[in-house]
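Counting with my numbering, you get residues 9 to 513 for the letters of the sequence shown. Heads up, the beta-carbon is just placed ideally off N, CA and C, and yes, glycines get one too. In this text the structure is predicted, and so the values were computed from the model without any measurement. Read through the structure below, which is laid out as structure tokens, and then see the notes.
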Amino acid sequence: MGLQELLHQALNAQRSGNLTEAERLYRAVLAIEPRNFDANHLMGIMRFQQGRTDEALNFLDVALQTAPQAAEALTHYGLVLHAAGRDVQALAILERALAARPAHAEALNHQGMVLRALGRPDAALASLEAALAIEPDYGEALNNRAIVLRDMGLISEALDLCDRAAELEPANPEILFNRGLLLRDLARCEEAAACFEKLLAAWPDYAAALNNLGLVLFECDRADEAMQLFRRHAQLLHGDASAEASDPPYKKQHDREQRDYLLDHHGNSGGRMAQFHLGAGERLPGPAVNLGNDISGICERWRTAHPQVVVIDNLLTDEALKSLRRFCWESTVWRKTYDGGYLGALPEHGFACPLLAQIAEEFRTTYGAIFGPHHLRYLWGFKYGSALKGINIHADFAAVNVNFWITPDEANLDAQRGGLVIWDVAAPLDWDFAKYNDNEDAIREFLARNRARPTTVPYRANRAVIFDSDLFHETDRIAFQNGYTNRRVNITLLYGRRRSHEGHG
């Protein structure tokens, strides 16, 4: 069999998804002619499809040594560099591709997304428009232009483009995914859910779609279903995970303490659980939120408070508190690290269980005068060591913030501290998420200029602070005893959308 026939059969195998056979045939070509352009080029594309970026670059590099001006190979090389996060190099390679073939729609399309990654949205749009001038029905370029417009907050215009792309390529997963995001941005939650569900019916392991469908289902009041999706997402991404050598020392210390806790409570199976385990966190047959509190009085305080801040003690029933502590102690969900030395657990890490869904639902039904029409948008947990500064001053992108603490009071060494500090001046509505989360100097200057006054709420186990999410707040100074179950754990739930339209989901 000649080289051309081998290449023809290899390409057919690759297109049909038989990558093992395609590789066997490509390697047969390379055994005869190691620098064969087509075999190296197509092997590079296949390795990219398999997520093996470094190998893809190596094959494409050999192809380009053979044919330095091959526009297709240059375009694919630029695409792989972009996927590897090497966007400056990717842009230079794509410019070479366009010099070799100026009217190359695919190169212009990829150039647009590289320019987006480099923070040049106007130039990105220009490249994508040029691609569409050459191929008006180029679904991927239409979708990519929608992505850039979404970045710019032009959601309705972006959705129009995405709808056109979906008509052209109704089964394209990237188009379905982006369309779901845009529908969520516009609070068209049921339509967004249907879009992600269609995608997952064909690609059940599409991790980002699992995560975003979960977020949409929160807003559709389908929290139990959302929790199951987040748990699937965590299993998919972290089920085979081992400790990262690059983990900071404070996370390694936490993980050692958690492993010891699991071994103490579950014997030999605890070691296996320490690799990946999600506690059951089952829904309770009775209430999770304590109905013995003065609910009407709390709601009235919320209605008359300026700014809106209320403190609720004995928030959860004893059974709910014990079950939630057990879930937080046992589950290997504390994966996000922060410079302050604390750890975060997000729904997509597996910080999701039926009990959390029950608690989130009961907050709304029990304290309806506080939450009104606002649906759950997001939740997370934070876990701290014995003495840390805590989270810097910030505000949250929502309408109502619920922050509550579950570590036993005996762990807290300073009964007057360890809780939350809240200022009585809200973030301006024209500030975006980054400005009121990442720019502490600007926040403190704003608060000083407006003579904002802080209120300190001391730590108490099973105490919640519910407040207007626009209010700036930060964790108070922490001094807790050493020991795994003494680590300070707080849980935050965000409800509703900020009062101004949010352009980013």
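Would you mind sorting residue i into buried or exposed? The rule is 16 or more other CB atoms within 10 Å of its CB.
i: residue 58; result: exposed
i: residue 509; result: Unreliable positioning characterises residue 509 in this predicted model, as indicated by a pLDDT of 32, which lies under 50. A coordinate reading is not provided.
i: residue 144; result: exposed
i: residue 241; result: buried
i: residue 417; result: exposed
i: residue 473; result: buried
i: residue 262; result: buried
i: residue 331; result: buried
i: residue 513; result: In this predicted model, residue 513 has a pLDDT of only 31, less than 50, meaning its place in the structure is not dependable enough to derive any value.
i: residue 35; result: exposed
i: residue 302; result: exposed
i: residue 391; result: buried
i: residue 347; result: exposed
i: residue 363; result: buried
i: residue 100; result: exposed
i: residue 207; result: buried
i: residue 296; result: buried
i: residue 544; result: The chain is shown only over 9 to 513; residue 544 falls outside these bounds and no answer can be derived.
i: residue 96; result: exposed
i: residue 118; result: buried
i: residue 464; result: exposed
i: residue 366; result: buried
i: residue 273; result: exposed
i: residue 500; result: buried
i: residue 458; result: exposed
i: residue 10; result: exposed
i: residue 276; result: exposed
i: residue 370; result: buried
i: residue 8; result: In the structure displayed, the chain extends from 9 to 513; residue 8 sits before or after that span and is not available.
i: residue 193; result: buried
i: residue 114; result: buried
Got a sec, what are the start and stop residues for the alpha helix (DSSP H) residue i sits in?
i: residue 258; result: 257-274
i: residue 181; result: 181-193
i: residue 129; result: 129-142
i: residue 246; result: 231-246
i: residue 459; result: Taken as a continuous stretch (DSSP letters only), residue 459 belongs to no alpha helix (DSSP H), as it is neither H nor E.
i: residue 118; result: 113-125
i: residue 167; result: 163-176
i: residue 158; result: 147-159
i: residue 217; result: 215-227
i: residue 209; result: 197-210
i: residue 376; result: 376-379
Where DSSP assigns a beta bridge to residue i, which residues make up the other side?
i: residue 503; result: 384 and 408
i: residue 465; result: 428
i: residue 391; result: 351 and 497
i: residue 474; result: 318 and 410
i: residue 434; result: 479
i: residue 402; result: 481
i: residue 420; result: 488
Give the range of the beta strand (DSSP E) segment to which residue i is assigned.
i: residue 482; result: 479-483
i: residue 359; result: Note, residue 359: premise wrong, no beta strand (DSSP E); not H, not E.
> Would the segment 496-505 and the segment 404-423 be scored as touching if the rule is three or more Cβ pairs under 8 Å?
Replying inline: In short, these stretches touch, since the Cβ pair count reaches three.
>> Suppose only complete runs of 4+ residues qualify. What are the alpha helix (DSSP H) ranges in the segment 275-347, listed by chain order?
In response: Runs found: 277-281, 303-312 and 326-338.
>> If we require 4 or more residues per run, which alpha helix (DSSP H) segments fall completely within the segment 24-95?
In response: 27-40, 45-57, 61-74 and 79-91
>> Check whether the segment 315-331 and the segment 474-490 are in contact - that is, three or more C-beta pairs closer than 8 Å.
In response: yes
>> Within 8 Å, do at least three Cβ pairs link the segment 36-52 to the segment 11-24?
In response: yes
> Can we say the segment 128-139 touches the segment 161-169, given the rule of at least three CB pairs closer than 8 Å?
Replying inline: no
>> Using a Cβ distance threshold of 8 Å, determine whether the segment 147-156 contacts the segment 172-184, with at least three qualifying pairs required.
In response: yes
> At a cut of 8 Å, does the segment 411-430 reach the segment 483-494 through at least three beta carbon pairs?
Replying inline: Yes: at least three Cβ pairs fall under 8 Å.
> Is it true that the segment 374-392 meets the segment 225-239, where meeting means three or more beta-carbon pairs spaced less than 8 Å apart?
Replying inline: yes
> Looking at C-beta atoms only, is the number of pairs between the segment 293-300 and the segment 325-344 that lie closer than 8 Å three or more?
Replying inline: Using a C-beta cut-off of 8 Å, the segment 293-300 makes contact with the segment 325-344, since at least three inter-stretch Cβ pairs fall below that distance.
>> Between the segment 255-273 and the segment 373-383, can you find at least three pairs of beta-carbon atoms closer than 8 Å?
In response: Result no; under three Cβ-Cβ pairs closer than 8 Å.
> At a cut of 8 Å, does the segment 75-89 reach the segment 105-121 through at least three beta carbon pairs?
Replying inline: yes
>> Any contact between the segment 419-434 and the segment 336-350? By contact I mean 3 or more CB pairs, one from each, below 8 Å.
In response: no
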